[in-house]
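Residue numbers (UniProt numbering): 1 to 260.
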């Protein structure tokens, strides 16, 4: 007796398209580091991965370097030019909003100064795909992670204190609450309404985590070795530090004020 063969599954169903991954990288005076970052991301060989450079009118010509990269590799690099430097948070809001508008499935936040290891990106994407995580943090403080070896003892102490400070106030229950290297599912970003985040500077990172926790999303951490920047100067100013110190209290009290 002839048994009818099962219908052949279309190739498109057997091999679903790779998710669209956009790496959003704010830049200000990063002309030396940017081409290296672009090459390292390309070397990962991840299909449908694009670097979106958000440049704040860098006086050193970073924007022009980004344009050259985008012209040479239009499928791998895109550029968003902003007319002024008004903070890391605002740059991320602009870049993340564009990535979502253009159909990104995953958005990665990454510094341009080469402090974040690109080789961890595949593991971050795997965790988003295979677990119930809404966001994956590249963490210095989980087992296997580490901060820059060049950091002085007082800088390490300050970083550890900042993480403990934020966690005690906001109860985020993560080891690296101030991490800036993150991979987000697009649905998570839409749920936390990134465009309405008020914090700027490095406090922006903590507020994103806080909103994710408030919305019930799981935050997963994967270890990284955080490196000191290769070229250029740190953007950490006194104003940024003050905002970062005050922001957890503002979030806490705004939550209490919103309760019925």
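Even for Gly, the Cβ is constructed at its ideal location relative to N, Cα and C.
Distance CB(residue i)-CB(residue j) smaller than 7 Å
{"i": "residue 141", "j": "residue 175", "result": "yes"}
{"i": "residue 114", "j": "residue 220", "result": "no"}
{"i": "residue 53", "j": "residue 83", "result": "no"}
{"i": "residue 109", "j": "residue 218", "result": "no"}
{"i": "residue 179", "j": "residue 167", "result": "no"}
{"i": "residue 123", "j": "residue 222", "result": "yes"}
{"i": "residue 191", "j": "residue 89", "result": "no"}
{"i": "residue 112", "j": "residue 37", "result": "yes"}
Beta-carbon contacts of residue i that lie in its chain and below 6 Å, excluding the five residues immediately before and after
{"i": "residue 184", "result": "107, 135"}
{"i": "residue 19", "result": "105, 106"}
Spatial distance of residue i from residue j (CA atoms)
{"i": "residue 207", "j": "residue 201", "result": "11 Å"}
{"i": "residue 209", "j": "residue 158", "result": "20 Å"}
{"i": "residue 63", "j": "residue 196", "result": "26 Å"}
{"i": "residue 187", "j": "residue 76", "result": "23 Å"}
{"i": "residue 40", "j": "residue 116", "result": "11 Å"}
{"i": "residue 22", "j": "residue 164", "result": "31 Å"}
{"i": "residue 50", "j": "residue 102", "result": "12 Å"}
{"i": "residue 138", "j": "residue 70", "result": "27 Å"}
{"i": "residue 205", "j": "residue 118", "result": "19 Å"}
Residues near residue i by beta carbon distance below 8 Å, same chain, minus five either side
{"i": "residue 80", "result": "52, 53, 54, 55, 94, 95, 98"}
Per DSSP, the bridge partner or partners of residue i
{"i": "residue 138", "result": "222"}
{"i": "residue 184", "result": "107, 135"}
{"i": "residue 270", "result": "This structure cannot speak to residue 270, because the chain is shown only from 1 to 260."}
{"i": "residue 77", "result": "51"}
{"i": "residue 146", "result": "225"}
Inter-residue CB distance, residue i and residue j (contact presumed, cutoff 8 Å)
{"i": "residue 29", "j": "residue 60", "result": "4 Å"}
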